[in-house]
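Have a look at the structure below before the remarks.
2 protein chains.
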Amino acid sequence: MTTTDQWVSPPARIADPDEAISADELRLATRNHGMPLEGLRYDVTPPGLHYLLIHYDIPDVDAAAWRLRVGGHVAHPLQLSLDDLRRRPRVTRRVTLECAGNGRARLHPRPISQPWLDEAVGTAEWTGTPLAGVLREAVVLSDAVDVTFTGADHGIERGAEQDYRRGLPIAEAERDDVLLAYEMNGQPLPPQHGAPVRLIVPGWYGMAHVKWLVDITVLDRAFDGYQNNTSYRIKHDADDLGDPVTRIRPRALMHPPGFPDFQTRTRIVEHGRHELTGRAWSGRSAVNRVEVSTDDGASWAEADLDPPPSLYAWQRWRFTWDAAAPGRHVLRVRAGDDEGVQPVDAAWNRQGVVNSHAQRVVVYVR
Amino acid sequence: MTTTDQWVSPPARIADPDEAISADELRLATRNHGMPLEGLRYDVTPPGLHYLLIHYDIPDVDAAAWRLRVGGHVAHPLQLSLDDLRRRPRVTRRVTLECAGNGRARLHPRPISQPWLDEAVGTAEWTGTPLAGVLREAVVLSDAVDVTFTGADHGIERGAEQDYRRGLPIAEAERDDVLLAYEMNGQPLPPQHGAPVRLIVPGWYGMAHVKWLVDITVLDRAFDGYQNNTSYRIKHDADDLGDPVTRIRPRALMHPPGFPDFQTRTRIVEHGRHELTGRAWSGRSAVNRVEVSTDDGASWAEADLDPPPSLYAWQRWRFTWDAAAPGRHVLRVRAGDDEGVQPVDAAWNRQGVVNSHAQRVVVYVR
Numbered sequence: 007m008t009t010t011d012q013w014v015s016p017p018a019r020i021a022d023p024d025e026a027i028s029a030d031e032l033r034l035a036t037r038n039h040g041m042p043l044e045g046l047r048y049d050v051t052p053p054g055l056h057y058l059l060i061h062y063d064i065p066d067v068d069a070a071a072w073r074l075r076v077g078g079h080v081a082h083p084l085q086l087s088l089d090d091l092r093r094r095p096r097v098t099r100r101v102t103l104e105c106a107g108n109g110r111a112r113l114h115p116r117p118i119s120q121p122w123l124d125e126a127v128g129t130a131e132w133t134g135t136p137l138a139g140v141l142r143e144a145v146v147l148s149d150a151v152d153v154t155f156t157g158a159d160h161g162i163e164r165g166a167e168q169d170y171r172r173g174l175p176i177a178e179a180e181r182d183d184v185l186l187a188y189e190m191n192g193q194p195l196p197p198q199h200g201a202p203v204r205l206i207v208p209g210w211y212g213m214a215h216v217k218w219l220v221d222i223t224v225l226d227r228a229f230d231g232y233q234n235n236t237s238y239r240i241k242h243d244a245d246d247l248g249d250p251v252t253r254i255r256p257r258a259l260m261h262p263p264g265f266p267d268f269q270t271r272t273r274i275v276e277h278g279r280h281e282l283t284g285r286a287w288s289g290r291s292a293v294n295r296v297e298v299s300t301d302d303g304a305s306w307a308e309a310d311l312d313p314p315p316s317l318y319a320w321q322r323w324r325f326t327w328d329a330a331a332p333g334r335h336v337l338r339v340r341a342g343d344d345e346g347v348q349p350v351d352a353a354w355n356r357q358g359v360v361n362s363h364a365q366r367v368v369v370y371v372r
Numbered sequence: 007m008t009t010t011d012q013w014v015s016p017p018a019r020i021a022d023p024d025e026a027i028s029a030d031e032l033r034l035a036t037r038n039h040g041m042p043l044e045g046l047r048y049d050v051t052p053p054g055l056h057y058l059l060i061h062y063d064i065p066d067v068d069a070a071a072w073r074l075r076v077g078g079h080v081a082h083p084l085q086l087s088l089d090d091l092r093r094r095p096r097v098t099r100r101v102t103l104e105c106a107g108n109g110r111a112r113l114h115p116r117p118i119s120q121p122w123l124d125e126a127v128g129t130a131e132w133t134g135t136p137l138a139g140v141l142r143e144a145v146v147l148s149d150a151v152d153v154t155f156t157g158a159d160h161g162i163e164r165g166a167e168q169d170y171r172r173g174l175p176i177a178e179a180e181r182d183d184v185l186l187a188y189e190m191n192g193q194p195l196p197p198q199h200g201a202p203v204r205l206i207v208p209g210w211y212g213m214a215h216v217k218w219l220v221d222i223t224v225l226d227r228a229f230d231g232y233q234n235n236t237s238y239r240i241k242h243d244a245d246d247l248g249d250p251v252t253r254i255r256p257r258a259l260m261h262p263p264g265f266p267d268f269q270t271r272t273r274i275v276e277h278g279r280h281e282l283t284g285r286a287w288s289g290r291s292a293v294n295r296v297e298v299s300t301d302d303g304a305s306w307a308e309a310d311l312d313p314p315p316s317l318y319a320w321q322r323w324r325f326t327w328d329a330a331a332p333g334r335h336v337l338r339v340r341a342g343d344d345e346g347v348q349p350v351d352a353a354w355n356r357q358g359v360v361n362s363h364a365q366r367v368v369v370y371v372r
């Protein structure tokens with residue numbers, strides 16, 4: 007690289023206090039997309055509505071020629087074809103995935119990156135074979151610390167050229183619910199979700215579920231690569247190493263009631279009783295309560311909450327709202343799990359990650 | 007509605023000359039999405055990569071209870087179930103769809119609406135039954151002028167509350183290639199693409215392909231509803247009625263070479279020869295030429311162009327570029343059909359529609 011580095015791949019930046027969305031952010035927003043919130047009506051998100059974040063390009067991987075290397079600190083390195091994986095034990099798990107940056111564009115000031123509002127989420131039925139079995143076959147050596155997962159996607163980020171690569175602690179990698187997934191909702195993985203094979207780490211934010219997986223390497227040390235040590239950190243200033251982003255914090259989202267204005271997405275709701283519905287999830291434990299506010303957070307009332315269909319899959323909630331007073335109202339919703347409840351307002355951090363502040367839905371009752 | 011109308015559903019607005027992307031535009035961009043340009047590698051766009059524009063919400067239509075009403079200026083009104091349509095003659099057509107607003111966010115000044123860059127396109131195999139046969143069965147009266155198509159989606163737009171409804175001239179509606187489509191790429195239509203049934207009008211911009219279709223009404227006059235007479239008009243000032251948006255103008259897009267920077271999407275390309283590829287389409291005739299510029303439009307050279315797999319489906323093109331000089335380069339591409347060639351620069355109009363200016367791809371050769 008040359009002195010044009012900064013032009014091609016500029017350093018991280020926080021928006022000026024009143025800065026609107028930049029051309030860089032728009033380029034990302036037109037490619038990646040959230041789940042339109044009507045998608046909350048489905049137990050399993052239909053293909054094409056699931057959120058999508060792609061760091062670089064969708065690579066063109068030939069499934070027939072594809073091989074997965076398993077090596078590093080193991081006794082028996084492996085090389086597996088897609089058929090090899092398909093012959094192994096087959097498991098399907100319903101898992102909710104959420105982007106670590108969900109809610110970023112609601113922060114003040116706003117970290118400049120993919121400008122998510124609330125919608126970077128989706129739930130799918132992932133089918134594949136347990137990673138644990140593959141690691142057992144490779145015989146992980148006893149002093150293993152981290153396992154890295156490398157995708158076929160290649161790019162440059164903040165000046166660092168790389169194949170997308172993430173490390174996961176060995177104890178997480180050896181969990182029996184972690185999958186090498188080759189199907190999504192009963193169909194082969196679509197290209198944008200990691201065809202032919204991706205990692206699924208139930209409970210973790212999206213960055214851990216490496217797509218277009220080509221390499222698994224066991225390390226006898228902590229992985230210090232870009233996506234673990236530079237990106238996906240909860241940092242408060244540029245020099246702060248910060249804490250790693252790991253499991254999904256509890257969040258509830260509401261399917262906005264009524265119908266929208268095209269341009270502002272403000273909702274029109276008829277006067278009377280409405281059943282508000284939505285989903286809630288957490289990567290730490292089952293969600294154990296959902297609360298709704300119909301007065302912009304001044305007061306909260308408990309919603310009815312369904313049990314989880316399985317751990318790490320979103321749970322349905324319902325709340326009856328009597329929309330008695332015409333005019334503008336702000337609805338909010340928050341979830342809690344065994345470790346705590348969603349903050350009402352956003353807690354700022356430099357990368358705009360793990361922002362689980364309570365959704366605001368502006369409605370106009372007539 | 008009350009005096010809060012303007013707040014809920016503001017009038018049309020053009021951005022200030024230096025205005026960045028607004029919160030309203032971002033709300034649309036996080037829901038709707040373009041086709042990541044890597045999608046140009048596929049003859050048929052995989053589900054979830056096809057562009058998507060939804061005016062209001064994705065409605066929840068029960069396919070079993072769904073009925074299509076066919077009425078108005080006909081001798082024999084019909085009411086058809088999904089099974090009724092499936093029992094009729096079955097046709098599959100490959101059709102390229104493009105949003106009329108594609109390219110809007112590249113205009114100066116920028117009309118405030120869905121802020122598309124270049125990617126609001128996709129090509130699918132649509133399966134359904136010809137509309138013409140249904141109209142023949144209903145016996146359209148001889149003085150029919152327009153046919154309207156109404157969707158189950160409901161919203162408000164610039165103060166006008168409406169079900170999404172578009173009119174089409176009777177001669178277009180009676181074309182033998184217009185479909186009532188119930189499958190996309192061999193699968194039932196997904197919710198976001200109009201389940202259970204949508205209209206497909208090959209050659210027309212996306213607004214004509216009404217999703218979640220519930221009503222077909224034949225009129226003995228021109229339809230003067232919002233989506234024909236207020237929206238989707240090529241206008242130069244607010245008082246101008248403008249010309250209607252109809253068929254897709256020719257456009258070529260390039261699959262950007264090399265690999266990207268995450269944040270800026272600028273491309274890094276290795277020094278040497280590269281095969282540039284992409285697709286070109288037109289809703290007026292087959293594309294008959296594609297030209298590439300490697301010097302930001304100063305000079306143009308002809309690309310190799312495949313014939314169309316069928317009329318109104320995109321055509322593949324190829325061009326060999328010798329990336330000899332390191333540094334920044336701007337690649338451009340344009341297509342032509344029997345009626346003319348793409349303009350190099352955008353021709354402004356108030357709604358930011360039919361902007362078929364030539365794509366610019368910024369690359370850095372190393």
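Taken in sequence, the protein lines are chains A and B.
Residue numbers are given in our numbering: position 124 of the first sequence equals residue 130, and the series is strictly consecutive.
Residue numbers are given in our numbering: position 274 of the second sequence equals residue 280, and the series is strictly consecutive.
The beta-carbon is built from N, C-alpha and C at its ideal position, and this holds for glycine as well.
Segment limits, beta strand (DSSP E) that includes residue i
i       : result
R295(A) : V293 to S299
Y370(B) : Q365 to V371
L259(A) : R257 to M260
L337(B) : G333 to D343
L103(A) : V97 to E104
Element boundaries [alpha helix (DSSP H), containing residue i]
i       : result
T223(A) : Element bounds for T223(A): not the alpha helix (DSSP H) but the beta strand (DSSP E), L219 to L225.
E31(A)  : A29 to R37
L137(B) : L137 to A144
A177(A) : I176 to A179
Residue of the options minimising C-alpha distance to residue i
i       : options                               : result
Q198(A) : R33(B), N234(B), A35(B) and L55(B)    : L55(B)
T223(A) : H82(A), R19(A) and P17(A)             : H82(A)
S316(B) : E131(B), N234(B) and D344(B)          : E131(B)
R172(B) : V275(B), H114(B), V146(B) and R239(B) : R239(B)
G289(B) : T300(B), E281(B), V251(B) and T272(B) : V251(B)
G338(A) : C105(A), D351(A) and E345(A)          : Per the sequence shown, the amino acid found at residue 338(A) is Arg instead of Gly. Closest option to R338(A), Cα to Cα, is D351(A).
Q233(A) : M213(A), A244(A), W218(A) and K217(A) : M213(A)
R94(B)  : D30(B), R100(B), L141(B) and R19(B)   : L141(B)
A177(B) : Y170(B), G161(B), V153(B) and I206(B) : V153(B)
G209(B) : W13(B), F325(B), W72(B) and L185(B)   : L185(B)
R273(B) : D68(A), R255(A), E167(A) and L86(A)   : E167(A)
D249(A) : H39(A), L88(A), E104(A) and N355(A)   : N355(A)
E297(B) : T270(B), W327(B) and V275(B)          : W327(B)
G128(B) : D149(B), T98(B), D243(B) and L59(B)   : L59(B)
A18(A)  : E25(A), F325(A) and D243(A)           : D243(A)
L84(A)  : V146(A), Y48(A), L205(A) and F229(A)  : V146(A)
C-beta contact flag for residue i and residue j at 7 Å
i       : j       : result
Y188(B) : G134(B) : yes
D182(B) : A138(B) : yes
P65(A)  : A158(A) : yes
W287(B) : T102(B) : yes
A179(B) : V80(B)  : no
D343(B) : S299(B) : no
F265(A) : H61(B)  : no
R285(B) : L46(B)  : yes
A319(B) : R116(B) : no
Y370(A) : R340(A) : no
Residues that DSSP places opposite residue i in a beta bridge
i       : result
I20(A)  : P117(A)
D328(A) : R279(A)
L74(B)  : L86(B)
D267(A) : I162(B)
T129(A) : T102(A)
I240(A) : D249(A)
G157(B) : L219(B)
Is it true that the stretch 71-78 of chain A meets the stretch 117-126 of chain A, where meeting means three or more beta-carbon pairs spaced less than 8 Å apart? no
For the stretch 361-368 of chain B against the stretch 91-110 of chain B, do three or more pairs of beta-carbon atoms, one drawn from each stretch, fall closer than 8 Å, so that the two count as touching? yes
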